[in-house]
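Q: One structure follows; several queries about it will come next.
2 protein chains.
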Amino acid sequence: MAAMKEIPYKIYLEENEMPQAWYNVRADMKNKPAPLLNPATMQPMTAEELGGVFCKELVAQELDNDNAYIPIPKEIRDFYKMYRPSPLVRAYCLEEKLQTPAKIYYKFEGNNTSGSHKLNSAIAQAYYAKNQGLKGVTTETGAGQWGTALSMACAYLGLDCQVYMVKVSYEQKPFRREVMRTYGASVTASPSETTAVGRKILEAHPGTSGSLGCAISEAVEAATNQEGYRYVLGSVLNQVLLHQSIIGLETKAAMDKYGIQADIIIGCAGGGSNVGGLISPFVGQMLRGEADYRIIAVEPASCPSLTRGKFAYDFCDTGMVCPLAKMYTLGSGFIPSANHAGGLRYHGMSPVVSQLYHDGLIEATSVEQTKVFEAATYFARVEGILPAPESSHAIRVAIDEALKCKETGEEKTIVFGLTGTGYFDMVAYEKFNNGTMSDYIPTDDDLAQGFAGLPKVD
Amino acid sequence: MAAMKEIPYKIYLEENEMPQAWYNVRADMKNKPAPLLNPATMQPMTAEELGGVFCKELVAQELDNDNAYIPIPKEIRDFYKMYRPSPLVRAYCLEEKLQTPAKIYYKFEGNNTSGSHKLNSAIAQAYYAKNQGLKGVTTETGAGQWGTALSMACAYLGLDCQVYMVKVSYEQKPFRREVMRTYGASVTASPSETTAVGRKILEAHPGTSGSLGCAISEAVEAATNQEGYRYVLGSVLNQVLLHQSIIGLETKAAMDKYGIQADIIIGCAGGGSNVGGLISPFVGQMLRGEADYRIIAVEPASCPSLTRGKFAYDFCDTGMVCPLAKMYTLGSGFIPSANHAGGLRYHGMSPVVSQLYHDGLIEATSVEQTKVFEAATYFARVEGILPAPESSHAIRVAIDEALKCKETGEEKTIVFGLTGTGYFDMVAYEKFNNGTMSDYIPTDDDLAQGFAGLPKVD
């Protein structure tokens, strides 16, 4: 254990303390995440089958349940050095304002132009695509952070980048689109007329505001229809969680350096990229019997895959062209209410996170967006960072846990993931500022509709 | 001299290496900046007269030409710790892309929600206002960075904040307004009907897109008309440059720590807050005969106060209600062409920077905005940070100097100030992306009109 040192406001690791390898939590999981299934055969997808959609090296990472550490190539580590290590911040001001005995830390991933942690996986995926001699990649983006991150990574490496952006975000966030264009990407509102699956969805649901599931279908189709292109995804997949383990590894290294021991670890959960990455090394300790933590995944009440979904095989996309994943899901046809602002709109959840939740290693909770924006505004004023709506789900629960400590007098150490900034979410903030933001929690009937579309898997 | 160490991508000072005092370059200047004059009497403004508009402690700082170091109160240093020290970044990727032997560094001030260095002075000014028992402050904002910074500082301290925002920015940057509102500020487009001076300007120039000079007049009137309010300004004033010296002090400390010796120091110049702060300690060395640097202030060709203005007493505002300052000026009636995107639209220049320029200690140059956005886009793709248009003026000249080194083979060390991020400037980036951005350089006749309004001072 490190000697007691005064904890600075921000802990930055030195460059030589940065992780040299990603941590693959699957290696330590007794119950591995279930394999992806080929929807035609209902058999586990082979490396060859996956290779038609994803880069070769990424397929290997996707299927690797054995190696605990996977070296980060030097080129990726060099890119990481441009915006990493990200700070682990001690929320001294928030603690004082809340008058809580709890000690609150957050790992802040927003200090880069993509505005979030998404860049951690974007550069890895773009690097392997480049390395394989590809011309370009296609992807979807919801809140826009992933698309921006991928655009940045592709611009850096000289790859073409085609982004299908969920229509509601495309309209609410025109400036996100311009950031992507500044990085040389082409951006299409989804569902669009440019793909067969997009046309089919538009025909079935005219006027739809789109969903991540739709945009994924279109991006996959675009990738498979162009020579020298592959599809990349910003969340859900095992490979993405692997890359995002850099968040948790840095967090743990910073904590170890200062002798900080976490009690509660909190992350927001959409597809699971952030929470999965943040908690990986800590869950690894739990799986190896080395430590115990309370881990909480926080999701929107309007898109409650963990807390109200089914643990079942489902399509990863709305168009049902992608493999099936076993995960907590609301059904691939589920589209959150249009009044839901920000990201975390995915119908499913990372198979790794789903399995950990199913095995009782982590908890999940859901919060309503007006409560989330209350916490976001409070946090912005006290800690000086305007958070992304997604990140603010974790802030909400961190504040609630800190307030519980105030009642009980417990000096718990709370660590949460502040995944990004809300600079492109001002339409949502404006609604909140004007008092016109509302909540919508899906009824059981709403959910039953989504569940009805679940595929039958023996 | 420090031992040779490998230079990391980003140099972060430790908290205990952060400056404890601001540096007041005026103490080392042989030719002091000329005093502010009372427009009614044409006599130097007394502390008492200034106290009607500014907080007491800030008046003392404004008039202090003698003390080289002014301690930073602990409360301000604590706030600084939330977003400082800012990194001094080695632009390894840019150097490689340019294939230049030059070594390029930038001091990045954009890693905070205000998106710029403006927060450094905002928290200081808000702190002294709070300390004096005031209810609130009024101010103007152009590009919006200063208004956001002040809103953040006021929210943190619980002060009311009233912002007059230049109309063209108000319209181009609705999201900036929402950030300020999220921090609890009230924001009014200027010129407005809420002040006598605003109504007068609107009558004389119906349909005007506003200017910093107009907004200053309105904010000053609003401050003097409300009990318990004072006016605060984000640039130009001596006190602002004092607070912003934190930029230069940290830069110098980081360079000294790694034994880096600058040859060229480059800063963008609007009212002078950034360039003045960045260069202060380096100019101090020059003034004391301890070192020599080439220092370049870069301004927009559309608002060229240093390169084409007159060194004369002029009003700081359009409404001619403020004191007169001796500075390089285009005349308080000068309003840059509406096609000018971004900030750096002020008609004058900090008296300190003006005096240093007049005395030949620093150079100045001007650049056209399409060239600036070319550099901005190039930099974004290579270094992964989408820069503010203002900051990109410095990037442009840094790249040009690095390319000169490529021709001559000189291994110069170039340091520039990257004052902020362009996340709220996407309307301008969109114009550039679409190829519809144009340049306008004022003609001699345009400038003659501005000069005609200069006051007569014996």
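Protein sequence lines correspond, in order, to chains A and B. Counting from -15, one number per residue, gives the positions in the first sequence under my numbering. Counting from -15, one number per residue, gives the positions in the second sequence under my numbering. Note that CB positions come from ideal geometry on N, CA and C, so glycine has one too.
(1) Looking at C-beta atoms only, is the number of pairs between the stretch 125 to 145 of chain A and the stretch 418 to 438 of chain A that lie closer than 8 Å three or more?
(2) So D196 (chain A) and A253 (chain A) are in contact, right, with Cβ under 8 Å, and what is the actual spacing, rounded?
(3) In three-state terms, what does DSSP make of K415 (chain A)?
(4) Between the C-alpha atoms of S375 (chain A) and L72 (chain A), what's the straight-line distance to the nearest angstrom?
(5) CA-CA distance, P426 (chain A) and S321 (chain A)?
(6) Does the beta-carbon of T30 (chain B) have 16 or more other beta-carbons within 10 angstroms, so that it is buried, or is it exposed?
(7) Quick one: which unbroken beta strand (DSSP E) runs of 3-plus residues sit fully inside the stretch 85 to 140 of chain B? Chain order, please.
(8) Show which residues of chain A have a CB atom less than 7 Å away from the CB atom of M136 (chain B).
(9) Look at the alpha carbon of K440 (chain A) and the alpha carbon of K16 (chain A), and state the distance between them as a whole number of angstroms.
(10) Can you list, in chain order, the residues of the stretch 152 to 166 of chain B whose Cβ is nearer than 9 Å to any Cβ on chain A?
(11) Measuring CB to CB, does S193 (chain B) end up less than 8 Å from V152 (chain B)?
(12) What's the C-alpha gap between A309 (chain A) and Y330 (chain A)?
(13) For a contact defined as C-beta to C-beta under 7 Å, what are the partners of M410 (chain A) on chain B?
(14) At least one CB of chain A closer than 8 Å to the CB of M239 (chain B): is that the case?
(15) Got a sec, what are the start and stop residues for the alpha helix (DSSP H) D298 (chain A) sits in?
(16) Counting only Cβ-Cβ distances shorter than 9 Å, please list the residues of the stretch 351 to 364 of chain B near chain A, keeping chain order.
(17) Helix, strand or coil, according to DSSP, for R214 (chain B) in the structure here?
(18) Roughly how many angstroms separate the alpha carbons of C198 (chain A) and A359 (chain B), rounded to a whole number?
(19) So, with DSSP's three-state summary, where would you put L233 (chain A)?
(20) Measuring straight from C-alpha to C-alpha, what distance separates A364 (chain B) and Y167 (chain A)?
(21) Distance check for H324 (chain A) and Y424 (chain A), CA to CA, integer angstroms please.
(22) I need the straight-line Cα distance from R10 (chain A) to Y277 (chain A), nearest angstrom please.
(23) Can you say whether K114 (chain A) is buried or exposed, counting buried as having 16 or more other CB atoms within 10 angstroms of its CB?
(24) Note down, in chain order, each residue of its chain lying with its Cβ closer than 7 Å to the Cβ of A504 (chain A), except the 5 sequence neighbours on either side.
(25) Who pairs with R278 (chain A) in a beta bridge, going by DSSP?
(26) Along the chain, where does the beta strand (DSSP E) containing R74 (chain A) start, and where does it finish?
(27) What residues of chain B sit near P(-8) (chain A), judged by a beta carbon separation below 8 Å?
(28) Please identify the residue among B:M66, B:N8, B:F92 whose C-alpha is closest to the C-alpha of K(-6) (chain B).
(29) For E414 (chain B), would you say it is in contact with chain C, using Cβ-to-Cβ distances shorter than 8 Å as the test?
(30) Rounded to the nearest angstrom, what separates S70 (chain B) and K236 (chain B) at their Cα positions?
(31) Assuming A5 (chain B) is part of the beta strand (DSSP E), what are its boundary residues?
(32) Should Y140 (chain B) be flagged as near chain A, meaning a C-beta pair shorter than 8 Å?
(33) Taking the continuous alpha helix (DSSP H) assigned at E46 (chain B), which residues delimit it?
(34) Measure how close the beta-carbons of T392 (chain A) and N258 (chain A) come, nearest whole angstrom, since I'm counting them as under 8 Å.
(35) When we look at the beta-carbon of A449 (chain A) and count the other beta-carbons within 10 Å, is it buried (16 or more) or exposed?
(36) Output the distance between the C-alpha atoms of V220 (chain A) and V366 (chain A), rounded to the nearest integer angstrom.
A: In short, the structure shows the following:
(1) Not touching, per the Cβ criterion.
(2) Along the first sequence, read from residue 1 onward, the residue named residue 196 (chain A) stands at position 212. Along the first sequence, read from residue 1 onward, the residue named residue 253 (chain A) stands at position 269. Residue identity differs from the one stated: residue 196 (chain A) is Leu in this sequence, not Asp. The Cβ separation is near 14 Å, so there is no contact.
(3) By one-based count along the first sequence, residue 415 (chain A) stands at place 431. Of the three classes helix, strand and coil, the one that applies to K415 (chain A) here is helix, per DSSP.
(4) Here residue 375 (chain A) corresponds to residue number 391 of the first sequence, with the count starting at 1. Here residue 72 (chain A) corresponds to residue number 88 of the first sequence, with the count starting at 1. Near 15 Å, if we compare the C-alpha coordinates of L72 (chain A) and S375 (chain A).
(5) Against the first sequence, residue 426 (chain A) aligns to sequence position 442. Against the first sequence, residue 321 (chain A) aligns to sequence position 337. P426 (chain A) and S321 (chain A): Cα-Cα distance of roughly 8 Å.
(6) The sequence position of residue 30 (chain B) within the second sequence is 46, counting from 1. The residue is exposed, with fewer than 16 neighbouring Cβ atoms inside 10 Å.
(7) 87 to 92, 120 to 125
(8) By 1-based counting over the second sequence, the position of residue 136 (chain B) is 152. Under a criterion of Cβ atoms nearer than 7 Å, the residues of chain A adjacent to M136 (chain B) are, in order, G368.
(9) For the purposes of this step, residue 440 (chain A) is identified with residue 456 of the first sequence, where counting begins at 1. For the purposes of this step, residue 16 (chain A) is identified with residue 32 of the first sequence, where counting begins at 1. Approximately 21 Å, taken between the alpha carbons.
(10) P158, F159, R160, R161, E162, V163, R165, T166
(11) Against the second sequence, residue 193 (chain B) aligns to sequence position 209. Against the second sequence, residue 152 (chain B) aligns to sequence position 168. Result yes, Cβ atoms of S193 (chain B) and V152 (chain B) sit closer than 8 Å.
(12) Mapped onto the first sequence, residue 309 (chain A) falls at position 325. Mapped onto the first sequence, residue 330 (chain A) falls at position 346. Approximately 13 Å, taken between the alpha carbons.
(13) For the purposes of this step, residue 410 (chain A) is taken as residue 426 along the first sequence, with counting starting at 1. F159, E162, V163, listed in chain order.
(14) Reading the second sequence from its first residue, position 255 is the one you call residue 239 (chain B). No, no contact with chain A.
(15) Working through the first sequence from its first residue, we reach residue 298 (chain A) at position 314. Taken as a continuous stretch (DSSP letters only), D298 (chain A) belongs to no alpha helix (DSSP H), being part of the beta strand (DSSP E) at 294 to 299.
(16) A360, T361, A364
(17) Here the question's residue 214 (chain B) lines up with position 230 in the second sequence. Correct three-state label for R214 (chain B): strand.
(18) Taking the first residue of the first sequence as position 1, residue 198 (chain A) is located at position 214. Taking the first residue of the second sequence as position 1, residue 359 (chain B) is located at position 375. Taking the straight line joining both Cα atoms gives about 37 Å.
(19) Counting from one through the first sequence, the residue named residue 233 (chain A) turns up at place 249. Helix, per DSSP.
(20) Your numbering for residue 364 (chain B) matches position 380 in the second sequence. Your numbering for residue 167 (chain A) matches position 183 in the first sequence. Their Cα atoms are separated by approximately 7 Å.
(21) One-based indexing of the first sequence puts residue 424 (chain A) at position 440. One-based indexing of the first sequence puts residue 324 (chain A) at position 340. Spanning the two alpha carbons is a distance of roughly 8 Å.
(22) Your numbering for residue 10 (chain A) matches position 26 in the first sequence. Your numbering for residue 277 (chain A) matches position 293 in the first sequence. Their Cα atoms are separated by approximately 18 Å.
(23) The sequence position of residue 114 (chain A) within the first sequence is 130, counting from 1. With at least 16 other beta carbons inside 10 angstroms of its own, K114 (chain A) counts as buried.
(24) Not covered by the structure: residue 504 (chain A). The range shown for chain A is -15 to 442.
(25) The sequence position of residue 278 (chain A) within the first sequence is 294, counting from 1. In the DSSP output, where bridge partners are listed per residue, R278 (chain A) has A:I248.
(26) Start at 1 with the first residue of the first sequence, and residue 74 (chain A) comes out as number 90. Taken as a continuous stretch (DSSP letters only), the beta strand (DSSP E) holding R74 (chain A) covers 72 to 74.
(27) Position 8 of the first sequence holds residue -8 (chain A). Neighbours of P(-8) (chain A) on chain B, chain order: E(-2), E(-1), K65.
(28) If you number the second sequence from 1, residue -6 (chain B) lands on position 10. Ranking B:M66, B:N8, B:F92 by Cα distance to K(-6) (chain B) puts B:F92 first.
(29) Considering every chain present, this structure includes no chain C. Its protein chains are A and B.
(30) Within the second sequence, residue 70 (chain B) is the residue found at index 86, counting from 1. Within the second sequence, residue 236 (chain B) is the residue found at index 252, counting from 1. Distance from the CA atom of S70 (chain B) to the CA atom of K236 (chain B), rounded to whole angstroms, is 12 Å.
(31) Here residue 5 (chain B) corresponds to residue number 21 of the second sequence, with the count starting at 1. Where A5 (chain B) is concerned, the enclosing beta strand (DSSP E) stretches over 5 to 7.
(32) The sequence position of residue 140 (chain B) within the second sequence is 156, counting from 1. For Y140 (chain B), the answer is yes, since a Cβ of chain A falls inside 8 Å of its Cβ.
(33) Counting from one through the second sequence, the residue named residue 46 (chain B) turns up at place 62. Segment 40 to 47, the alpha helix (DSSP H) holding E46 (chain B).
(34) Here residue 392 (chain A) corresponds to residue number 408 of the first sequence, with the count starting at 1. Here residue 258 (chain A) corresponds to residue number 274 of the first sequence, with the count starting at 1. Contact flag wrong, Cβ pair sits at about 28 Å.
(35) Because chain A here runs from -15 to 442, residue 449 (chain A) falls outside it and cannot be looked at.
(36) One-based indexing of the first sequence puts residue 220 (chain A) at position 236. One-based indexing of the first sequence puts residue 366 (chain A) at position 382. Distance between the alpha carbons of V220 (chain A) and V366 (chain A) is about 33 Å.
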